[in-house]
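Note sheet for the following structure.
Protein chains: 2
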Amino acid sequence: MSPALPGHLVPMHCHSSGEEFGSGLARVNPDLASERLTASFCVPSLTAVLDGGAERTRVRRAVVDVIESDPVFSRENQYFQSQNERYEAAVRKAVHLRKKMQDMGWSEDGPESVYIYRALSGDVAFLLHRVFMRSISVLGSDKQVAKWIPLATEHRLIGSYAQTELGHGTYLQGLETTAVFDISTQEFILNTPTISAMKWWPGDMGRSATHTVVFAQLYIHGKCYGVHPFIVQIRSLQDHSPCPGVIAGDIGPKMNFEHIDNGYLMLKNVRIPRENMLNKFCEVQPDGTYIRHGSQQINYFTMTSLRISLIADEVILPLMKACTIAIRYSVVRRQSKLKPGEEEAKILDYQTQQEKLLPQLAAAYAFHFINNYLHELFNKGYKEIQGRNFALLPELHALSSGFKAMISQYCTSGVDICLRACGGHGYSLLSGLPSLYTKILASSCPLIYSTSTSSPVPPSVTYLAAMKPRKCPAKDKLDFLSPDIYTEAYQHAAIRLISSTAAKLQDLIQSGAERHEAWNQCTVQLVQAAKAHCHYITVKNFVETVEKLENTAGIQNIMKHLCDLFALHGIFSNAGIFLHDGYITGAQMDMVTASYLDLLGIIRKDAVPLVDAFDFTDKNLNSALGSYDGQVYQRLYEWAQKAPTNKQISPAYEKYLKPLLHNKLSKL
Amino acid sequence: MSPALPGHLVPMHCHSSGEEFGSGLARVNPDLASERLTASFCVPSLTAVLDGGAERTRVRRAVVDVIESDPVFSRENQYFQSQNERYEAAVRKAVHLRKKMQDMGWSEDGPESVYIYRALSGDVAFLLHRVFMRSISVLGSDKQVAKWIPLATEHRLIGSYAQTELGHGTYLQGLETTAVFDISTQEFILNTPTISAMKWWPGDMGRSATHTVVFAQLYIHGKCYGVHPFIVQIRSLQDHSPCPGVIAGDIGPKMNFEHIDNGYLMLKNVRIPRENMLNKFCEVQPDGTYIRHGSQQINYFTMTSLRISLIADEVILPLMKACTIAIRYSVVRRQSKLKPGEEEAKILDYQTQQEKLLPQLAAAYAFHFINNYLHELFNKGYKEIQGRNFALLPELHALSSGFKAMISQYCTSGVDICLRACGGHGYSLLSGLPSLYTKILASSCPLIYSTSTSSPVPPSVTYLAAMKPRKCPAKDKLDFLSPDIYTEAYQHAAIRLISSTAAKLQDLIQSGAERHEAWNQCTVQLVQAAKAHCHYITVKNFVETVEKLENTAGIQNIMKHLCDLFALHGIFSNAGIFLHDGYITGAQMDMVTASYLDLLGIIRKDAVPLVDAFDFTDKNLNSALGSYDGQVYQRLYEWAQKAPTNKQISPAYEKYLKPLLHNKLSKL
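Residue numbers (the numbering used here), protein chains in the order written: chain H, 1 to 668; chain W, 1001 to 1668.
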């Protein structure tokens, strides 16, 4: 395919939403249209690369079309709705989705499934129902799977997943909920012994779920056997009233996910049959004998795999959307004069604006590719575990924590930068950016927290043993466009940080510090080392991905530029770790800076085509600033007029303003 | 006063909110109480230092007591209210406040005034009314001041301030609204010529204001004289209906400030008398003659001075509150075991948690002190301008932009770190952190935007000429606790960045680049240099402030530690700019790191007393996580139960869930 034929510059997919607002919006803003005329690469080809092939692009677009053409799934009023309204809409969508999937012949495991939830932007209820099913599939015996999975599949119940407690997060051993085996009735008796033991946060549990998987400390004959998963019914299937001994409710307003009924749950002597403990890996026999069939660590696997599966939808896609909105807006918005006498400049022509947005764009691509790599790794791990081989578990746990933390932190900061780079308008909900930001922040919160107290260094860092030259060989700024040069710089920095932290740990222990105290003294540096390791792997994977691309349609060239930008931005922004031992000198750092700033100018030219390639529809972006046609100001005005604040008459005038003003009116 | 007498450890101010929740909350959580027993300094003495004297502390607390004991000012339901409800409450509070101020004998200029708005946490309408008044005071003639200020003072009108347009922000020359002088009627005719010219964002304008100051391009006999301010009536004083030719409304939902009716305004041939152009500095005479009395730059002064006056309330106070909430929570929350066999550790005992929170605490103090410095500078500048001396204006503008940008960015990131450091609970609105975060983000947005396109380097950087040794003389980690050592390192780094950027600019111009293009090529580095300059001044000011403190009651010692932490955290986090030319070597950077990590452990011990010294009441914090008594879990549960999601029955069950579940129930 030859690069940049005009036919490729118009995405195959229809982004027009002109009808909504009348003919004034039908045409594309010329300031945005002109950006699409000079793309150095073929946009649809890049979209296909991102999707993993043109066939997948076709499937994705078909799903998106079905979802977006159905008014039940509309997100048009989302920014104006209360928590109660959003919950009701999300439940309505979830129930409607079930019918739609039947009509379309889509299954939960089908190729469409991932695209369905993306097309809905996650704005739908019963997301935890899938986690409920997944935990039964992973942790349940064949008999349990045979009983519960069909019930769940047919929605004869609504499931949730109750691990987190008010006072306890990812440290499972610390959970306080108890499950005492009563041999006389062959039941477990579940209790919430303290207020901090209340289950807190589980999605769909506040108002919807009828069943949940509860993690609780198992006691048999007074002895504690640690945390185990139990299926507990919490609401009546007849009238939805709470089951005896169950107190459940909604945890109240949050920074996002207003549509989800995150819940709390207290259990008072709730009895469940012996068969309700998920017992693929451990079992309580009728006489109270406890038998273990596998590693206790398997209990983490549901969360670990969930963590990885959410990276794309909850972290990387928001960054891609934020880049799309901010970059399109930045070629429409003009501010101040760059050159005296000319018209005001597009803000993307300012180097400072490029420096804010383009590294985020490069990161979105870098993380898309590393996410593919992590998924392959996990699918492999999942198969091993199905075959009862648990050897990979600790590494998968470490990798999922480390990468999720690194990517989340980077993407959260990236969306934040995009939001602020749009000035005041970024902060209107109608821009779509605040909801992306709060979503990404919320989904990354618990994970970053958990890594603060667990070992963040993956055990198999095989490159650690590699010997490398002690000085970077680059002689001019062009040398820093060589992947070998920058990949080795990252590798060197990661090795140095890991080795020096290991040495410090050793020193502390040898000088008499207790092991746990020595470890705590090193955690700030351990986290720094773990980040450097993940950053290195991400750069390396980006380089390898680019090498494998065919250079048709200009794709490889532009991806190489983005890869260079991602790598050099990282060196520029973390200069200290490269300069520390003189591996890179001050003079070389100036070369890095020069090459980095040059790249900004190069990628600036393709910025709009690069976000067009993400192929988001206007409805999916749901942004007055980021639409394909760039009619920013018109759309902000049209949308603002729909706000309830303009449609409802406030009692404030009659009650407060009128008396205030009229009191004095006679004297005016 | 001797340090750490038990009597001083209990703040004089009553923080108890025990009554609200019954006796279960009356006692202080022992995990929090124990933190207060070992303070190295006298908390009330530090509070007095922060307030600027014990007398001011007394006045502040008296104001806070009056405001918080009045139920009209309660913020108890804030997290559950819709945009409409919050607007109505804010108007009610504003009107009630007027009465309260009369009753108490408080004036807008009195010593109480700053504390009133802090006690209300800005959650009140008519804030722009004060800006309206200030712009008339600064830009209006004596005659105009005599006419309008009494009307505004007595609230016979409600004022706003309409500068920003939909397509135009801080670049005043770019505004599109026009004001054409009609000599025949002695009126100005105001128009909004395009959609991007619509006034957009002004507070109180969407639903409340009757008058506003409109900035518009002045035309006389077809000639444009640039942007000028005009007083325009937009709503009837009789019935509040829009005046002829006025279209006004609310811009819809935003990331925060739901209580403020940020508005839009279109003007169609709106006529105002000649006397309504604010004419202290320029005037249109009846025959159309235009006369200028001063610098056009004066138009910026209202915004510039506003910018400075908001730093404390909108940026630094939120960081102080976030630190208070996160640090108190971090000694109550326990997670994982630090030492095997012991109970789970307080999360503040983890080095990684200290490294997140304690530098933010040090920054809050650093910015409190630099804010005092900036205010002195501005009060001086304001007096000069009143005397028609405009020489200081450009520097005040540059300083206000530079420091506001630096402090805002630092504090926004700091609040974000505090929020995330509280794990999932930080992200519940009930924690109080999301509203602090969105508030600080929103208030910093437009300013960061504006600095991206204006000159950020203050003109008078006198220290640039100073000659300094080329190497840092520190020999061990204790040397880095010497203010001379680190202040000089900051100074050196700032000089190097400014000089090298100036040299690059010079090179580019000498090699033929156009001036504006050369400037644009250097802006990323110019911004870096400006930040380094502001950081240096902030460190220097902190050092000087500490030196001036008397070392009674342990105050100077703990402030010295915080100053060291602020300075070393900055070097640790921006290592590259210190290592770049070898001023600090890698070995010295290891000493910085060692001293920095040591300081975390030292300040950890005083962390709770240091936030107690900010002296926020529970009602002011409005946080389930941050209350003085540390009853975190109980309060989260109590507050959640009040949420509308638990009080209103959702129609979702009858409409969607019941049919879904019952459809299949017979088969269960």
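For each residue, glycine too, the CB sits at the ideal point set by N, CA and C.
Asked, Found
"Any C-beta of chain H under 9 Å from that of Asp1250/W", "yes"
"is_contact[Lys655/H, chain W] using C-beta, thresh 9 Å", "yes"
"Alpha-carbon to alpha-carbon, Gln556/H and Val546/H", "6 Å"
"Continuous alpha helix (DSSP H) stretch holding Arg98/H: start and end", "83-104"
"Of the residues His168/H, Phe132/H, Leu32/H, Gly630/H, the one placed nearest Ile158/H, counting alpha carbons only", "Phe132/H"
"Distance between beta carbons of Arg207/H and Ser1650/W, contact taken as under 8 Å", "6 Å"
"Local Cβ density within 10 Å of Leu317/H, reported as buried at 16 or more and exposed below that", "buried"
"From Ile1260/W, Tyr1290/W, Gly1263/W, residue whose alpha carbon lies closest to that of Arg1274/W", "Tyr1290/W"
"Contact belief for Lys1280/W with Leu1139/W at Cβ below 8 Å, rounded distance in angstroms", "6 Å"
"Contact set for Arg515/H: own chain, Cβ-Cβ below 7 Å, skip 5 residues either direction", "Ile509"
"Assigned exposure category for Asp1142/W - 16 Cβ within 10 Å defines buried", "exposed"
"Assumed close pair Ile1220/W, Gly1294/W - CB separation to whole angstroms, cut-off 8 Å", "Not really, about 19 Å apart at Cβ, beyond 8 Å."
"Reference Asp31/H; option with closest CA among Gln102/H, Glu395/H, Leu348/H, Ile189/H", "Leu348/H"
"Buried versus exposed call for Pro473/H [16 or more other C-beta atoms within 10 Å across all chains shown]", "exposed"
"Where the alpha helix (DSSP H) through Pro150/H begins and ends", "142-153"
"Contacting residues, own chain, Cβ-Cβ under 6 Å from Ala529/H (five flanking each side not counted)", "Leu497, Ile498, Thr501"
"Straight-line Cα distance separating Val1066/W from Met1104/W", "9 Å"
"Contact under 9 Å by Cβ, Ala553/H with Phe41/H", "yes"
"Exposure of Pro1659/W, with buried meaning 16 or more beta-carbon neighbours within 10 Å", "exposed"
"Beta-carbon neighbours of Gly1586/W, restricted to chain H and to distances below 9 Å", "Leu579, His580, Asp581, Gly582"
"Outcome for Gln351/H when other beta-carbon atoms lying within 10 angstroms are tallied against a minimum of 16", "buried"
"Partners in chain W for Phe80/H, counting only beta-carbon separations shorter than 9 Å", "Gln1083, Gly1252, Pro1253"
"Nearest-angstrom beta carbon gap, Ala640/H and Gly1626/W [assumed within contact, 8 Å]", "With 8 Å as the limit, Gly1626/W and Ala640/H do not qualify as a contact, their Cβ atoms being about 35 Å apart."
"Check whether Tyr637/H and Ile1195/W have beta carbons under 9 Å apart", "yes"
"heavy atom of the ligand HEM below 8 Å from Val138/H C-beta", "By its list of ligands, the structure shown contains no ligand whatsoever, and the ligand HEM lies outside what it can speak to."
"Contact the segment 365-373 of chain H vs the segment 425-432 of chain H: 3+ CB pairs below 8 Å", "no"
"Buried versus exposed, by CB contacts within 10 Å (16 or more), Cys224/H", "exposed"
"Chain H contacts from the segment 1189-1215 of chain W (Cβ-Cβ distance under 9 Å)", "Thr1194, Ile1195, Ser1196, Met1198, Trp1200, Trp1201, Gly1206, Arg1207, Ser1208, Thr1210"
"Buried or exposed (CB count within 10 angstroms, at least 16 for buried), Gly1022/W", "Per-residue confidence for Gly1022/W stands at a pLDDT of 40, beneath the threshold of 50, marking its modelled position as unreliable; no derived number is given."
"Short-range partners of chain H found in the segment 1522-1540 of chain W, where Cβ spacing is below 9 Å", "Cys1522, Thr1523, Val1524, Gln1525, Leu1526, Val1527"
"9 Å Cβ cutoff, Ser1336/W in contact with chain H", "yes"
"CA-to-CA distance, Cys1323/W to Ala652/H, given in whole angstroms", "36 Å"
"Leu37/H, buried or exposed, once every other Cβ within 10 Å from all chains shown has been counted against 16", "exposed"
"CB contact flag (Met1406/W, Thr1617/W, <9 Å)", "no"
"Buried versus exposed call for Asp1182/W [16 or more other C-beta atoms within 10 Å across all chains shown]", "exposed"
"Chain H within 9 Å of Asp1349/W, Cβ atoms only", "yes"
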